[in-house]
Amino acid sequence: MRVISSAPASIGNVSVGFDILGAALSPVDGSSLGDRVIVEDGDSEFELKCGGRFADKLPQDYRKNIVYDCYVDFKKSMEARSLKVKNLVMTLEKNLPVGTGLGSSACSVVAALDALNEFHGNPFSEKEIMELMGKEEGKISGSVHYDNVAPCYLGGIQLMIGENGIISDRIPDFDSWYWVSCYPGTTVSTAEARAILPKQYDRHDCIDFGRQLATFIHASHTGNSTLAAAVLKDVIAEPYRRKLIANFSETREYVMKNGAIAMGISGSGPSIFVVTESMETAEKIQEWLLKNFVQNELGFSNICKIDRNGTLSVKE
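If you count the sequence shown from 1, you need to add 104 to reach this note's numbering.
Here is the structure:
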């Protein structure tokens, strides 16, 4: 038996919701944007194989790979319930580059733990496995944040709740929105992106943050896409992180003058997202981004819709 789990890329923060909003992405052309993990019966206790476009960026020592940590902690959790882990081979298909702002580490973590859970007959509930996913993701980012894990696993745009035993909940998204995601080919570490943020914020910025987030959630639930786009702004991270991204200001100026209704930094960057309300505008902006925002041959862009499925698993 084997299980194949495919996890989508995601946008953390979604501009207006620093650390508490996340969105899963699915390219409109049907291509895959995310990682896959395959877990199958093995002859030894554990074996890890790696493939995919960005496999060469992974640690040579498999014990330093985050999916190995997933296996180790999954095994500990199983043993805590007097359950046994099967001998298995795990294959990570690394299709998202590291340090992109597209939820690369969360993508690997979610796919790995979902596949392990499915392979063993789902001994852990959705909430339990998500808590383990958050723990593993926290090893990479420095602290537990679910704004990539939750949408990657559950799909849609997720609001982090963190109360009454609820990790996150989905909010409505807009069918008319196209999300142009663009990775310039450079990297920004999550640690560097967090270090550049101020220790304290002005009261005015805090009020703006709360007002805009509340308005976005309200607009999403009432179907007011115009209002939602108007407040899709980042007063917490973008004013500081934009310095880490080449041509950011020029890019914002171009896209907002050429049909975009919003633009923001994807997670901690350097990827960005641009929201439009027509495929024609999305294609025009994507073409410009590939010529003017992408820095090298590693860069790429996808026109996406919100992925409402999240991680998908298949048993064979």
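Note that CB positions come from ideal geometry on N, CA and C, so glycine has one too. Since we're looking at a predicted model, the values are computed, not measured.
>> Please state whether the Cβ-Cβ distance between SER329 and PHE377 is less than 8 Å.
In response: If you number the sequence shown from 1, residue 329 lands on position 225. If you number the sequence shown from 1, residue 377 lands on position 273. For SER329 and PHE377, no; Cβs fall outside 8 Å.
> What residue range is occupied by the uninterrupted beta strand (DSSP E) comprising GLN304?
Replying inline: Here residue 304 corresponds to residue number 200 of the sequence shown, with the count starting at 1. It is not in any beta strand (DSSP E) - GLN304 carries neither H nor E in the DSSP assignment.
>> Between ARG167 and ALA215, how many whole angstroms is the CB-CB distance? I'm expecting something under 8 Å.
In response: Residue numbering aside, residue 167 sits at position 63 when the sequence shown is read from its first letter. Residue numbering aside, residue 215 sits at position 111 when the sequence shown is read from its first letter. Not really, about 19 Å apart at Cβ, beyond 8 Å.
> Quick one: is GLY121 buried, meaning 16 or more other Cβ sit within 10 Å of its Cβ, or exposed?
Replying inline: On the sequence shown, position 17 is the one that residue 121 refers to. GLY121 comes out buried.
> Beta carbon of GLU222, beta carbon of SER417: below 8 Å?
Replying inline: Taking the sequence shown and counting its residues from 1, one reaches residue 222 at position 118. Taking the sequence shown and counting its residues from 1, one reaches residue 417 at position 313. The answer is yes: Cβ separation under 8 Å.
>> Using 8 Å as the threshold, is the C-beta distance between TYR287 and PRO201 below it?
In response: As a working mapping, residue 287 is identified with position 183 in the sequence shown. As a working mapping, residue 201 is identified with position 97 in the sequence shown. Cβ distance < 8 Å, so TYR287 and PRO201 count as in contact.
> In terms of alpha-carbon separation, which member of GLU296, VAL143, ASN117, PHE352 lies closest to ALA219?
Replying inline: Within the sequence shown, the letter at position 115 stands for residue 219. Nearest of GLU296, VAL143, ASN117, PHE352 to ALA219, Cα basis: VAL143.
> How many whole angstroms separate the CB atoms of VAL118 and ILE261, which I take to be in contact at a CB cut-off of 8 Å?
Replying inline: For the purposes of this step, residue 118 is taken as the residue at position 14 of the sequence shown. For the purposes of this step, residue 261 is taken as the residue at position 157 of the sequence shown. Confirmed, about 7 Å.
> Among the residues of its own chain, which have a CB less than 6 Å from the CB of ILE349, if the five just before and after it don't count?
Replying inline: By one-based count along the sequence shown, residue 349 stands at place 245. Excluding five sequence positions before and after ILE349, the CB atoms of its chain that fall closer than 6 Å to its own CB belong to GLY373, PRO374, given in chain order.
> Below 8 Å, can you find three or more Cβ-Cβ pairs linking the stretch 225–241 to the stretch 179–186?
Replying inline: yes
>> Do ALA297 and ARG345 have their beta-carbon atoms positioned less than 8 Å apart in this structure?
In response: Stepping through the sequence shown from its first residue, residue 345 is reached at position 241. Stepping through the sequence shown from its first residue, residue 297 is reached at position 193. In contact: ARG345 and ALA297 (Cβ atoms closer than 8 Å).
> What residue range is occupied by the uninterrupted alpha helix (DSSP H) comprising THR385?
Replying inline: The count along the sequence shown starts at 1 and reaches residue 385 at position 281. Here the alpha helix (DSSP H) through THR385 covers 383–396.
> Roughly how many whole angstroms lie between the Cα atoms of LYS161 and CYS154?
Replying inline: The residue you call residue 161 lines up with position 57 of the sequence shown. The residue you call residue 154 lines up with position 50 of the sequence shown. Separation of LYS161 and CYS154 (C-alpha to C-alpha, rounded to the nearest whole angstrom) is 10 Å.
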